[in-house]
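Colleague: Sequence positions in the sequence shown follow this note's numbering and run 6 to 198. Before I ask anything, here is the structure I am working with.
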Amino acid sequence: MRGVPALSWPLRVSILCWFAFEVGLLARDLANRKDRRGRDRGTRAIVSLTLVLSILIGWLLHRWAPALDTPAADAFAVVGVVVIWMGLAVRVWAVLTLAGSFSTFIQVDADQAVVTRGPYRWVRHPSYTGLLLIALGLGLSAGNWLSLAVCVAGTTLGLVPRITVEESELVRVLGERYRAYQRATRRLVPGLW
């Protein structure tokens, strides 16, 4: 990390912990997957690909566009690591709140409850809010305005189709119970969207 060598190890530890969580979640979901029909219409791969590419490109850009470096890069890096951990905490909280109902695959049971407690009382997709916060933290840690924009915009572009497909399936299976929740709760950002 250019300009913030003292923070390189906390950033690496943060990324490693996030990666370990995601690998563990994927392993659990592959072992417990109920429906193999692929209801996600490829959006799971889109989220993974856009997240990885936007972060990699964002981090490469901070080397290619030094004119767009942030002032006080050390402070941005510290804030970035804190935001990464906030995002991971929100994502873990979302997974724990749904417990066995949470899956990285789209699979909805007709008898499944619409959960409105924990982080789900503020947003419909808090695990994706967590991913967006992680991308924001990684962008901030790069210490470059263009890197920040690419990390956040790229991740958002991957999440929008996933949310659209997921909500379509939730409405199809849960009907009015989920529609009422949609009317009362924002998608990703409390009070905004």
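Built from N, CA and C at the ideal position, the CB exists for glycine as well.
By a C-beta neighbour count over all protein chains shown, 10 Å radius and 16 as the cutoff for buried, is Leu21 buried or exposed?
Modeller: Taking the sequence shown and counting its residues from 1, the one referred to as residue 21 is at position 16. Exposed is the call here.
Colleague: How would you call Phe209, buried or exposed, if buried means at least 16 neighbouring beta carbons within 10 angstroms?
Modeller: Here the chain comprises residues numbered 6 to 198, so residue 209 is not present and cannot be evaluated.
Colleague: Ignoring anything shorter than 4 residues, give me the alpha helix (DSSP H) runs that lie fully in the region 49-135, in order along the chain.
Modeller: If we require 4 residues or more, the alpha helix (DSSP H) runs fully inside the region 49-135 come out as 78-103.
Colleague: Quick one, are the C-beta atoms of Leu30 and Gly85 less than 8 Å apart?
Modeller: For the purposes of this step, residue 30 is taken as residue 25 along the sequence shown, with counting starting at 1. For the purposes of this step, residue 85 is taken as residue 80 along the sequence shown, with counting starting at 1. No. Outside cutoff.
Colleague: Straight-line CA distance for Leu16 to Ala189?
Modeller: Against the sequence shown, residue 16 aligns to sequence position 11. Against the sequence shown, residue 189 aligns to sequence position 184. Going from the Cα of Leu16 to the Cα of Ala189 covers about 37 Å.
Colleague: Considering only residues of the same chain and omitting the five flanking positions on each side of Leu2, which have a CB-CB separation below 8 Å?
Modeller: Past the edges of the chain, shown from 6 to 198, lies residue 2, and the structure says nothing about it.
Colleague: Do you know offhand how far Asp48's Cα is from Pro166's?
Modeller: Walking along the sequence shown from the start, residue 48 turns up at place 43. Walking along the sequence shown from the start, residue 166 turns up at place 161. Per the sequence presented here, residue 48 reads as Thr, with Asp not at that position. Approximately 6 Å between the Cα atoms of the pair.
Colleague: Pick out whichever of Leu66, Leu179, Glu171, Val178 has its Cα sitting closest to the Cα of Arg192.
Modeller: Counting from one through the sequence shown, the residue named residue 192 turns up at place 187. With distances taken between Cα atoms, Arg192 lies closest to Glu171.
Colleague: In whole angstroms, what is the alpha-carbon distance linking Tyr199 and Phe110?
Modeller: The requested residue 199 does not occur in the structure, where the chain is confined to residues 6 to 198.
Colleague: Any idea what DSSP makes of Arg191, helix, strand or coil?
Modeller: On the sequence shown, position 186 is the one that residue 191 refers to. Of the three classes helix, strand and coil, the one that applies to Arg191 here is strand, per DSSP.
Colleague: Grab the span of the alpha helix (DSSP H) containing Leu175 for me, first residue to last.
Modeller: As a working mapping, residue 175 is identified with position 170 in the sequence shown. Start and end: 150-179.
Colleague: Under 8 Å, do Ser59 and Ala147 count as touching if we go by C-beta distance?
Modeller: Stepping through the sequence shown from its first residue, residue 59 is reached at position 54. Stepping through the sequence shown from its first residue, residue 147 is reached at position 142. No, Cβ-Cβ distance for Ser59 and Ala147 is not below 8 Å.
Colleague: By a C-beta neighbour count over all protein chains shown, 10 Å radius and 16 as the cutoff for buried, is Ala72 buried or exposed?
Modeller: Here residue 72 is taken as the residue at index 67 of the sequence shown, counted from 1. That one is exposed.
Colleague: Please list the terminal residues of the continuous alpha helix (DSSP H) segment that includes Asp34.
Modeller: Indexing the sequence shown from 1 puts residue 34 at position 29. Taken as a continuous stretch (DSSP letters only), the alpha helix (DSSP H) holding Asp34 covers 13-37.
Colleague: Look up Arg182 in the DSSP assignment and say whether it is helix, strand or coil.
Modeller: As a working mapping, residue 182 is identified with position 177 in the sequence shown. Three-state result, Arg182: helix.
Colleague: If you measure between the beta carbons of Gly123 and Thr102, is that distance less than 8 Å?
Modeller: Here residue 123 is taken as the residue at index 118 of the sequence shown, counted from 1. Here residue 102 is taken as the residue at index 97 of the sequence shown, counted from 1. Cβ atoms of Gly123 and Thr102: closer than 8 Å.
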